[in-house]
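Asks: Please read through the structure below; I'll follow up with questions.
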Amino acid sequence: DAGVTQSPTHLIKTRGQQVTLRCSPKSGHDTVSWYQQALGQGPQFIFQYYEEEERQRGNFPDRFSGHQFPNYSSELNVNALLLGDSALYLCASSSWDLSISYEQYFGPGTRLTVT
Amino acid sequence: ILNVEQSPQSLHVQEGDSTNFTCSFPSSNFYALHWYRWETAKSPEALFVMTLNGDEKKKGRISATLNTKEGYSYLYIKGSQPEDSATYLCASPGAKSSGDKLTFGTGTRLAVRP
Chain A
1 DAGVTQSPTH
11 LIKTRGQQVT
21 LRCSPKSGHD
31 TVSWYQQALG
41 QGPQFIFQYY
51 EEEERQRGNF
61 PDRFSGHQFP
71 NYSSELNVNA
81 LLLGDSALYL
91 CASSSWDLSI
101 SYEQYFGPGT
111 RLTVT
Chain B
1001 ILNVEQSPQS
1011 LHVQEGDSTN
1021 FTCSFPSSNF
1031 YALHWYRWET
1041 AKSPEALFVM
1051 TLNGDEKKKG
1061 RISATLNTKE
1071 GYSYLYIKGS
1081 QPEDSATYLC
1091 ASPGAKSSGD
1101 KLTFGTGTRL
1111 AVRP
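Protein sequence lines correspond, in order, to chains A and B.
Under the numbering used here, residues 1 to 115 are what the first sequence spells out, in order.
Under the numbering used here, residues 1001 to 1114 are what the second sequence spells out, in order.
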């Protein structure tokens, strides 16, 4: 049973560029959440997707957008990259029905460096 | 804004020592408390999800307790081993309406010396 997978592992972009990060959830999960972890901090919630719609959003600007596909995989897009967007981006998958399980499973992350 | 705090920030112990960390969270609107173990270059691994006041959970040498009335959880590691070296994160959604929107602490980095 494959866990949560993310691609790419590492990415280097230039300020002002756009980036797309990808996530495939754990088998049986239908909800994907994205988190940003900056150096020295805990992961910060960006947004969550379920049924191809954004359901919750954290305190991130509109430059951060996402998408969920019918197979539950998800993309995170960041436009007009800033140096401060350099971070580890984590994807977490879960079941929307919390009566089934509260657990969230994380991928290994994508390390984004903006120069 | 939900505030989740962890202490200490880092910990260095000798192999065989037992250790514990603290996670503090607001006691109002409590819904759940998650503990994760995160080794470098790997995915955060879910250890426990705790929901009830007085909950105690155990996984091998690692155990956790929960006090929702006073807003804290303790994670204990008995007889630490070098493979326990990792960052331990706690997180809470704060309320049921927040669902999966977890607010994380900054973590406790544990280093176990052989």
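Using N, Cα and C, we set each Cβ at its ideal position, and we do this for glycine too.
What you are looking at is a predicted structure, and each value in this text was computed from that prediction instead of being measured.
Please say whether A:Gln-36 and A:Ala-87 have beta carbons closer to each other than 7 Å?
Replies: Yes.
Asks: Just checking: is the beta-carbon of A:Gln-41 within a distance shorter than 7 Å of some beta-carbon in chain B?
Replies: Taking Cβ atoms only, chain B reaches closer than 7 Å to A:Gln-41, which makes this a yes.
Asks: Using only CA atoms, which one of B:Glu-1056, B:Ala-1041 and B:Pro-1093 lies nearest to B:Thr-1065?
Replies: Measuring from the Cα of B:Thr-1065, the nearest candidate turns out to be B:Glu-1056.
Asks: Between the Cα of B:Asn-1020 and those of B:Gln-1009, B:Lys-1101 and B:Ser-1027, spot the shortest distance and give me the residue it belongs to.
Replies: Among B:Gln-1009, B:Lys-1101 and B:Ser-1027, the Cα nearest to that of B:Asn-1020 is on B:Gln-1009.
Asks: Should B:Asp-1055 be flagged as near chain A, meaning a C-beta pair shorter than 7 Å?
Replies: No, B:Asp-1055 does not count as interfacial toward chain A.
Asks: Do A:Val-114 and A:Leu-81 have their CB atoms nearer than 7 Å?
Replies: Yes; because the gap between Cβ atoms is below 7 Å, this pair is in contact.
Asks: Check whether the Cβ of B:Ser-1104 lies closer than 7 Å to any Cβ atom in chain A.
Replies: Note on residue identity: the sequence assigns Phe, not Ser, to residue 1104 of chain B. Taking Cβ atoms only, chain A reaches closer than 7 Å to B:Phe-1104, which makes this a yes.
Asks: Out of A:Gly-58, A:Gly-84, A:Glu-103 and A:Leu-83, state which residue places its alpha-carbon closest to the alpha-carbon of B:Val-1049.
Replies: Answer by Cα proximity: A:Glu-103.
Asks: What residues are listed by DSSP as bridge partners for B:Ala-1046?
Replies: B:Tyr-1036.
Asks: Could you tell me which chain A residues have their CB closer than 8 Å to the CB of B:Lys-1101, listed as they occur along the chain?
Replies: Near B:Lys-1101 (Cβ distances below 8 Å), the residues of chain A are Ser-33, Phe-45, Gln-48, Gln-56 and Gly-58.
Asks: Is the Cβ-Cβ distance between B:Thr-1106 and A:Gly-42 less than 7 Å?
Replies: A contact, by the Cβ cut-off of 7 Å.
Asks: Against chain A, with Cβ distances strictly below 7 Å, would B:Ala-1111 count as a contact?
Replies: Answer no: the Cβ-Cβ gap between B:Ala-1111 and chain A never drops below 7 Å.
Asks: Mind checking if A:Gln-36 is an interface residue toward chain B, Cβ cutoff 7 Å exclusive?
Replies: A:Gln-36 does not count as touching chain B.
Asks: If you draw a straight line from the alpha carbon of A:Gly-40 to that of B:Thr-1087, how long is it in whole angstroms?
Replies: Approximately 11 Å between the Cα atoms of the pair.
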